[in-house]
Amino acid sequence: MIKGLVQDFKTLFNHSGAVEVFFSPGRVNLIGEHTDYNGGFVFPCALDFGTYAVVKRRDDNIFRMYSKNFEKLGTKEFSLDKLINTPSDNWANYPKGVIKTFIDAGYKIDKGFDVMFFGNIPNGAGLSSSASIELLTSVILKEIFKLDIDMVEMVKLSQKAENEFIGVNCGIMDQFAIGMGKKDNAILLDCNTLEYHYAPVELDGASIVIANTNKKRGLADSKYNERRSSCEAAVKVLNENGINIKNLGELSVEKFNEVKHFITDEEQLKRATHAVTENERTKTAVEKLNSGDVEAFGKLMDQSHISLRDDYEVTGFELDSLVEAAWEAKGVIGARMTGAGFGGCTVSIVKDEFIDEFIKSVGEKYKAKTGLTADFYVAKIGDGSRKLGDF
Ligand code: GLA
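Written as structure tokens, this is what we have:
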């Protein structure tokens, strides 16, 4: 496949000679949802599919960018002195935002480059195609301009680009999982301190199965920001009553139960209840996985979904239908929605001998209920964003 991409790049931009090829994965979160911006724990992993880039540095200050996923949009061209979010540049605003954020942070980028992207992450499915292209751009910048920058810094700048240049107020989970991913491991990340540990995902004869609802996520960004605001409002109320915390992630469930009566707004109370209980579930789930108790890990995934459905209210008919069908299927150890919610994907742990049957029965039930066809992927956990080589 890479040879084909290199050839297409050379034809498109009329280049000959050596080019550089890069790869950045998508991600799936196993547990710890809507906890990152609450200063809590998350437990995601990088996937073995993602976004590829073929790149050649230029001698002037022009960037030319093309995506094989958006061929109708053609080549996007802009210069170093005009790094502004431009709606007509569409997807190219993501790499553009990362370039701008690197320059603003003091990194020397004084030339442009030509790049062709190709991604095999389903777009808009909640598997982080946007964070994937952000980290991909980061590693391109590091290599092409020989920057002295480590991966955690690239993760932070990529998140900053998404927050400030794109305007989506996301936490750090997606960028971290994609930049720091490690084959066959998930990452337990403390989003408050950025301390992290790799945990081998050994599922004892079972696999991770991702299912895409194929429901488009309308208005997801504004609902996401509303959830963040509710949690921040709950923190404010608690602080007004002398609790003194920066984030909900600082509260154990026990402590939260002692002080939650201060939160009189019913919606804020529900949102905070999810944030605090999900954080504790995540820590327990990783302990269970590390001790080989996959069944207990799966039960906590189920509870995570229930909390996201009832307290955080980010699931919706399609995600609930897909997860309920998974819960009813034979050989399922646990199932939940993954990512921001409001559509996108579910993640299940399914015993290997039942995977075919799972895909068939869950797909049929979901179609009968919603009229939509789900897509299924048996996930392999891969490494983070990197250069693949010179071609
Ligand atoms: C999106 C955001 C992440 C995280 C999840 C929910 O994927 O980009 O930062 O908040 O939603 O866990």
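Quick note, the sequence shown lines up with residues 532 to 922 if you use our numbering. Cβ atoms here follow ideal geometry from the backbone N, Cα and C, with glycine treated the same way.
Test item: CB-CB of residue i and residue j under 9 angstroms
| i | j | result |
| --- | --- | --- |
| Y729 | A717 | yes |
| L734 | V825 | yes |
| I912 | A577 | yes |
| C876 | N743 | yes |
| R812 | S852 | no |
| F644 | I671 | yes |
| L850 | G823 | no |
| A856 | K900 | yes |
| E665 | E695 | no |
| G710 | G557 | no |
| R590 | K607 | Position check: residue 590 holds Asp in this sequence, whereas Arg was assumed. No, they are not a contact pair. |
| L611 | F633 | no |
| V740 | I630 | no |
| D842 | H805 | yes |
| F676 | K639 | yes |
| L782 | F574 | no |
| S669 | I697 | no |
| E602 | D921 | no |
| L800 | K791 | yes |
Option in the options with minimal Cα separation from residue i
| i | options | result |
| --- | --- | --- |
| A656 | S669, N560, I640 and G874 | G874 |
| S659 | T582, V670 and V732 | T582 |
| E726 | G570, Y597 and T808 | G570 |
| N651 | K898, K714 and F554 | F554 |
| A860 | D883, S760 and Y843 | D883 |
| N616 | V784, V863, V699 and V686 | V699 |
| F572 | A910, V881, K673 and T815 | T815 |
| D679 | S761, K786, N775 and A636 | A636 |
| F793 | M682, N770 and V732 | N770 |
| K642 | L604, E757, V586 and P618 | V586 |
Heavy atom of ligand 1 within 8 angstroms of residue i beta-carbon
| i | result |
| --- | --- |
| G894 | no |
| S659 | yes |
| Y727 | no |
| C576 | no |
| M832 | no |
| H805 | no |
| M704 | yes |
| T517 | There is simply no residue 517 to check, as the chain begins at 532 and stops at 922 in what is shown. |
| C876 | no |
| Y625 | no |
| C762 | no |
| G628 | no |
| G643 | no |
| I816 | According to the sequence as given, residue 816 is Ala; it is not Ile. No, Cβ of A816 sits at least 8 angstroms from all heavy atoms of ligand 1. |
| V573 | yes |
| V683 | no |
| Y908 | no |
| G563 | yes |
| V699 | yes |
| Y583 | no |
| N560 | yes |
| A662 | yes |
| Y638 | no |
| I897 | Contrary to the premise, residue 897 reads as Tyr rather than Ile in this sequence. Result no, Cβ not under 8 angstroms from ligand 1. |
Residue(s) in a DSSP beta bridge with residue i
| i | result |
| --- | --- |
| N745 | Paired residue(s): none; N745 is not in a bridge. |
| M647 | V585 and Y597 |
| I615 | Its beta-bridge partners do not exist; DSSP assigns none. |
| T877 | A742 and M868 |
| P556 | G581 |
| E551 | V586 and D921 |
| L604 | The partner list for L604 (beta bridge, DSSP) is empty, contrary to what the question assumes. |
| C576 | V559 |
| H728 | L719 |
| K882 | A737 |
| D906 | N743 |
| I912 | L578 |
Rounded distance between the beta-carbons of residue j and residue i, thought under 8 angstroms
| i | j | result |
| --- | --- | --- |
| L779 | V768 | Actually they do not touch by this definition, with Cβ atoms about 11 angstroms apart. |
| R802 | Y568 | R802 to Y568, Cβ: 12 angstroms. No contact. |
| L561 | F649 | So it is not a contact: roughly 27 angstroms between Cβ atoms. |
| N745 | L903 | 5 angstroms |
| F580 | M647 | With a Cβ gap of about 18 angstroms, F580 and M647 do not count as contacting. |
| I864 | G829 | 3 angstroms |
| N654 | N600 | 7 angstroms |
| T566 | N810 | 5 angstroms |
| V559 | A910 | 6 angstroms |
Residue-level contact to chain D via CB, residue i, 9 angstroms cutoff
| i | result |
| --- | --- |
| T808 | Among the chains of the structure shown, chain D does not appear; only one protein chain is present. |
Heavy atom of ligand 3 within 8 angstroms of residue i beta-carbon
| i | result |
| --- | --- |
| G872 | With respect to ligand 3, the structure offers nothing, as its ligand set consists of ligand 1. |
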